[in-house]
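K.L.:
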Amino acid sequence: MYSQGTKGLSRIKSRIRELVAWADREICMEPDEFAHHVGWTVSRTGFGARRYRDPRFDQLRLPRRVHEEVT
1 MYSQGTKGLS RIKSRIRELV AWADREICME PDEFAHHVGW TVSRTGFGAR
51 RYRDPRFDQL RLPRRVHEEV T
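1 is the number of the first residue of the sequence shown in this note's numbering; add one for each residue after it.
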C-alpha cells in the first residue's frame, strides 16, 4: 500500500511533532504549574506561548454611578 520511504517519512514527522510538543511543555512548565496552582486557566496559543486568565475577572462588575444631588 505505502512504500517504505513514505512510512519512514511519516515516522520522522511524527517524531518531530513529539519532540516539539515535549519542548513546548518543558519551556512553559513552571508558569503553567503556577497558573494551575492559583486557579487560572491556561490556553496554549503557539509554540512557547500561553494565555493565562484569572476566572475572577469574569465576576467583576462596573461600579454603579453615584448620583450626587446638588443643592
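Built from N, CA and C at the ideal position, the CB exists for glycine as well.
Have a look at Phe34 and Val42 and give me their C-alpha separation to the nearest angstrom.
P.N.:
10 Å
K.L.:
Report the rounded CA-to-CA distance for Trp40 versus Arg50, giving the unit in angstroms.
P.N.:
12 Å
K.L.:
Mapping the DSSP letters down to three states, classify Gly5 as helix, strand or coil.
P.N.:
helix
K.L.:
Note down the Cα distance separating Thr45 from Leu60, rounded to an integer number of angstroms.
P.N.:
25 Å
K.L.:
Helix, strand or coil for Arg51? Go by DSSP, reduced to three states.
P.N.:
strand
K.L.:
What residues in its chain sit with their C-beta under 6 Å from that of Trp22, if we drop five residues either side in the sequence?
P.N.:
none
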